[in-house]
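Here's the structure we're looking at; comments come further down.
There are 2 protein chains.
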Amino acid sequence: MMKAAMESTGSELAEGLARSGLRPTSQRSAVYDVLASSHDHPSAEEVFLRSRKVLRTISLATVYNCLETLVDCGLVRAVHRDRLPTRYCANRSEHAHFHAESGEVTDVPLSPEAVKYITALLPEGFAADSFELSYRGHAPRKTGSNI
Amino acid sequence: MMKAAMESTGSELAEGLARSGLRPTSQRSAVYDVLASSHDHPSAEEVFLRSRKVLRTISLATVYNCLETLVDCGLVRAVHRDRLPTRYCANRSEHAHFHAESGEVTDVPLSPEAVKYITALLPEGFAADSFELSYRGHAPRKTGSNI
DNA sequence: CTAGGTGCAAAAGGTTTGCGGTTAA
DNA sequence: TTAACCGCAAACCTTTTGCACCTAG
């Protein structure tokens, strides 16, 4: 196999972008790859630093632009916490976020039933396009998990 | 009865502040009163404009300081949505927020069972101090409700 | 060719902070 | 008296934007 195969297959990215009539540029690809291979919900700044290892000339503004594009295409999720820098994740499955006091952010998977339950909490007449659920608290003792 | 009675009784505010060893100044009182009598989740700027009707000399920075103080004391909740200006509410009962596309924010009450259910979604080992749930979507046709 | 993208630098905009002066216990 | 608090203005910091150049279809 080619080394290039280490990057995302590109199909998911290319297809997602194409759906909006956008091109999979090397910058978008680099940004997406960083997120797809990260489990720590990096900030734009952090994505910038990591993507620069691959694309040495990419600028922070371009990273912001790419992130916005990817979010708009539904390929990436923006994770907000108070006024702290926005963080990003490429986990597109339904999930909530647990914000530990340390700043660490962990995905909390949501079952289809949970999603249904939460959506059903809305009063008559309200129709949710989406919801965001985030917890704040103490994370369990650090596991020896990867990344 | 004195006209002053129109302001919040002050007891809730004074007690909440006292718990943190803080004084119920006229500025904090004005800010709190604005929120306690608003159901539309005003931004700091908006709180500033409204509180200035009562305290003509209050400054925006002081409003920000007061809001932060009140949030820290648990008397007021900060409501975030993406990177838009933070909004505030004095509704201390357990509730979620519905963000309509219009920018309108509506409280969504949460029953004790709902709170329990949502808290129970966390994986083993995680302990949540609190959670925040927000919906995005279309609000029902405007009711003739009061502010 | 030419519409869409990138990179840079500068602007924007909400929020915070430093500081001198004021106020309440 | 004195520690807490306010108002002002300037600083901060993340994010956005304008613009000239570049590049893929």
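Just so you know, the protein sequences line up as chains A and B, in that order. So the first sequence is numbered by my numbering: it starts at 1 and just counts up by one. So the second sequence is numbered by my numbering: it starts at 1001 and just counts up by one. We treat Cβ as the ideally placed atom computed from N, Cα and C, and that holds for glycine.
In terms of Cβ geometry, L1017/B and F131/A do not form a close pair [threshold 8 Å]. Contact with chain B is found for A96/A, since one of that chain's Cβ atoms lies less than 8 Å from the residue's Cβ. Not flagged as an interface residue toward chain A: Y1032/B, since no C-beta distance is shorter than 8 Å. DSSP links D107/A through a beta bridge to H97/A. Using a Cβ distance threshold of 8 Å, A1090/B and L1035/B count as a contacting pair.
With a threshold of 16 other beta carbon atoms within 10 Å, D1129/B falls short and is exposed. T57/A is classed as exposed because its beta carbon has fewer than 16 other beta carbons within 10 Å across all chains shown. The Cβ of S134/A sits closer than 8 Å to at least one Cβ of chain B. In this chain, the beta strand (DSSP E) harbouring D129/A covers A127 to H138. In the DSSP assignment, V1079/B forms a beta bridge with R1087/B. Under the three-state reduction of DSSP output, S1043/B falls in the strand class. Contact between the stretch 1101–1117 of chain B and the stretch 81–99 of chain A is absent: fewer than three C-beta pairs spanning the two stretches fall below 8 Å. CA-to-CA, the gap between S38/A and L84/A works out to about 19 Å. The beta-carbon of H39/A is placed no less than 8 Å from the nearest beta-carbon of chain B.
Cβ neighbours of R81/A within its own chain (closer than 6 Å, five residues either side excluded): H99. An exposed status is given to L1060/B, since fewer than 16 other beta-carbon atoms sit within 10 Å of its beta-carbon.
Sequence-distant Cβ neighbours of C1066/B in its own chain, meaning closer than 6 Å and more than five residues away, are Q1027, R1028 and V1031. R83/A reaches chain B at H1080 and T1086, counting residues in chain order whose Cβ is nearer than 8 Å. Closest option to G21/A, judged by alpha-carbon separation, among L122/A, T62/A, T69/A and V63/A: T69/A. Between E113/A and H138/A, the CB-CB gap reaches or exceeds 8 Å. P42/A sits buried, since 16 or more C-beta atoms from the chains shown fall within 10 Å of its C-beta. When DSSP states are grouped into helix, strand and coil, K1053/B belongs to the coil group. Per DSSP, E124/A lies in no alpha helix (DSSP H) and is assigned neither H nor E. Within the same chain, Cβ atoms closer than 8 Å to the Cβ of R50/A are found at V34, S38 and P42, the five residues on either side in sequence being excluded. What Y1064/B touches in chain A, judged by beta-carbon distance under 7 Å, is nothing: the nearest beta carbon there is about 11 Å away. Collapsing the DSSP output to three states places R92/A in coil. Annotation: Cβ neighbours of S130/A in chain B (cutoff 8 Å, chain order): Y1135, R1136 and G1137.
Judged by DSSP in its simplified three-state form, T1069/B adopts helix. Take the alpha-carbon of S111/A and the one of F1048/B: they are about 42 Å apart.
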